[in-house]
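Residue numbers (the working numbering): 760 to 1118. In this text, a Cβ means the ideal position worked out from N, Cα and C, and glycines have one as well. Okay, so here's the structure we're looking at.
Take a look at the structure:
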């Protein structure tokens, strides 16, 4: 230790003899600039990333909201969509302020551009330490593109396929609204989607007959409206234009009881076919698209809900030998991109729209 002290004292004497007094101050000053530069990087750049994250979140939310409206033909122009886009983007900013350009709607896509706006009205982000390096502010922005279209693939929460005999989009009651979706129902009031009945047909009375059901009321001879699900599961993955194979049993898969109870009162997406062939366990359906059905009751062997005069909420029942679902078709716009495969063309418009963000 003594040797170190002596060495430092000798070094100081040498520096003084050589006229190097004040060099430390110069080095300190230069180092301070460098340190402030690193501080600018650590704080200002971090602030810019935080600002951009908020702007991107706002742009995403605004684009999705506008696309959802456009899927229902509501306010689907730049000027009409601008107030909503501005409100949503500002709501995602910590200071509740952002510059939001008028949305650009092209085809079935909408683009929203968002940038920084400070309380002073400036369109750039004021920096705290970077001015030491000659950088007073930075422009920060974000862009989001959302698209809407009819679903073309996905996993049905219930392995049930719907006949076009049971769905007529021309029967619209504009005075009746689903309070959850705020959009008009397709069919005036609840109905029974009868999957099988030995007592007769279940045809659309408005069109007076349908070629897609057998005379027994089933979708096909020996078919009961079920798609063959994976063992022990209550789901079926289907694709537009591809065949889905029939499960001929009249009993609902056991795993579906919990699924039905979970979705009672909710809207579920069901596949609908436009062609079918063969029968029984060799039967097949060609999927044409998806429909939205608000589930309000059902009747299957071993399971029934809201299906008696004392329990029904719709005034409809499906009593034995009827098996099927009780509820109503609704328009639906959802954000679940699991029902849309970008490599496939969109499905026909049956009142269901899927909203997705473009990567």
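Cα-Cα separation between residue i and residue j, rounded to whole angstroms
{"i": "residue 1056", "j": "residue 868", "result": "37 Å"}
{"i": "residue 1089", "j": "residue 1076", "result": "19 Å"}
{"i": "residue 807", "j": "residue 913", "result": "39 Å"}
{"i": "residue 854", "j": "residue 845", "result": "14 Å"}
{"i": "residue 890", "j": "residue 809", "result": "19 Å"}
{"i": "residue 1013", "j": "residue 821", "result": "42 Å"}
{"i": "residue 1024", "j": "residue 856", "result": "39 Å"}
{"i": "residue 986", "j": "residue 1008", "result": "10 Å"}
{"i": "residue 999", "j": "residue 805", "result": "46 Å"}
{"i": "residue 1006", "j": "residue 954", "result": "12 Å"}
{"i": "residue 997", "j": "residue 1103", "result": "13 Å"}
{"i": "residue 1082", "j": "residue 825", "result": "40 Å"}
{"i": "residue 1059", "j": "residue 833", "result": "39 Å"}
{"i": "residue 1022", "j": "residue 862", "result": "36 Å"}
{"i": "residue 839", "j": "residue 1118", "result": "25 Å"}
{"i": "residue 894", "j": "residue 800", "result": "11 Å"}
{"i": "residue 1027", "j": "residue 813", "result": "33 Å"}
{"i": "residue 1065", "j": "residue 988", "result": "25 Å"}
{"i": "residue 907", "j": "residue 924", "result": "27 Å"}
{"i": "residue 919", "j": "residue 837", "result": "40 Å"}
{"i": "residue 1015", "j": "residue 926", "result": "23 Å"}
{"i": "residue 990", "j": "residue 1040", "result": "15 Å"}
{"i": "residue 1020", "j": "residue 1078", "result": "18 Å"}
Range covered by the alpha helix (DSSP H) that runs through residue i
{"i": "residue 847", "result": "837–850"}
{"i": "residue 807", "result": "805–830"}
{"i": "residue 1053", "result": "It is not in any alpha helix (DSSP H) - residue 1053 instead sits in the beta strand (DSSP E) that spans 1043–1059."}
{"i": "residue 1017", "result": "1015–1022"}
Sequence-distant residues of its chain with Cβ nearer than 7 Å to residue i (five each side left out)
{"i": "residue 835", "result": "828, 829 and 864"}
{"i": "residue 1018", "result": "916, 917 and 993"}
{"i": "residue 1095", "result": "1113"}
{"i": "residue 897", "result": "807, 883, 884 and 886"}
{"i": "residue 1038", "result": "979, 980, 981 and 982"}
{"i": "residue 816", "result": "851"}
{"i": "residue 794", "result": "none"}
{"i": "residue 967", "result": "Bear in mind that a pLDDT of 41 at residue 967, under 50, signals an unreliable position, so the model cannot answer this."}
Own chain, CB closer than 8 Å to residue i, minus 5 neighbours either side, in chain order
{"i": "residue 921", "result": "952, 984, 1029, 1030, 1031, 1032, 1050 and 1052"}
{"i": "residue 949", "result": "1055, 1073, 1074, 1075, 1085, 1086 and 1087"}
{"i": "residue 811", "result": "899, 900 and 901"}
{"i": "residue 847", "result": "817, 820, 821 and 824"}
{"i": "residue 843", "result": "821, 824, 825, 828 and 834"}
Sub-8 Å separation of residue i and residue j beta-carbons
{"i": "residue 910", "j": "residue 1098", "result": "yes"}
{"i": "residue 873", "j": "residue 994", "result": "no"}
{"i": "residue 1106", "j": "residue 1091", "result": "no"}
{"i": "residue 1116", "j": "residue 819", "result": "yes"}
{"i": "residue 884", "j": "residue 904", "result": "no"}
{"i": "residue 849", "j": "residue 875", "result": "no"}
{"i": "residue 1004", "j": "residue 1042", "result": "yes"}
{"i": "residue 1045", "j": "residue 1002", "result": "yes"}
{"i": "residue 1093", "j": "residue 1010", "result": "no"}
Neighbourhood of residue i by C-beta, 6 Å cutoff - its chain only, sequence neighbours within 5 removed
{"i": "residue 1108", "result": "909"}
{"i": "residue 1070", "result": "none"}
{"i": "residue 1101", "result": "none"}
{"i": "residue 841", "result": "861"}
{"i": "residue 797", "result": "none"}
{"i": "residue 1063", "result": "none"}
Extent of the continuous beta strand (DSSP E) run through residue i
{"i": "residue 919", "result": "No beta strand (DSSP E) contains residue 919, which DSSP labels as neither H nor E."}
{"i": "residue 1113", "result": "1111–1116"}
{"i": "residue 906", "result": "900–908"}
{"i": "residue 869", "result": "868–874"}
{"i": "residue 1030", "result": "1026–1036"}
{"i": "residue 1087", "result": "1082–1089"}
{"i": "residue 833", "result": "Segment: none, residue 833 is in no beta strand (DSSP E) and carries neither H nor E."}
{"i": "residue 1062", "result": "1062–1064"}
{"i": "residue 949", "result": "Premise fails: residue 949 is in no beta strand (DSSP E) and is neither H nor E."}
{"i": "residue 992", "result": "No beta strand (DSSP E) contains residue 992, which DSSP labels as neither H nor E."}
{"i": "residue 1002", "result": "1002–1006"}
{"i": "residue 865", "result": "863–865"}
>> Pairs of beta-carbons, one from the region 853–871 and one from the region 810–829, closer than 8 Å: are there three or more?
In response: With a cut-off of 8 Å on Cβ pairs, the region 853–871 is in contact with the region 810–829, counting three or more such pairs.
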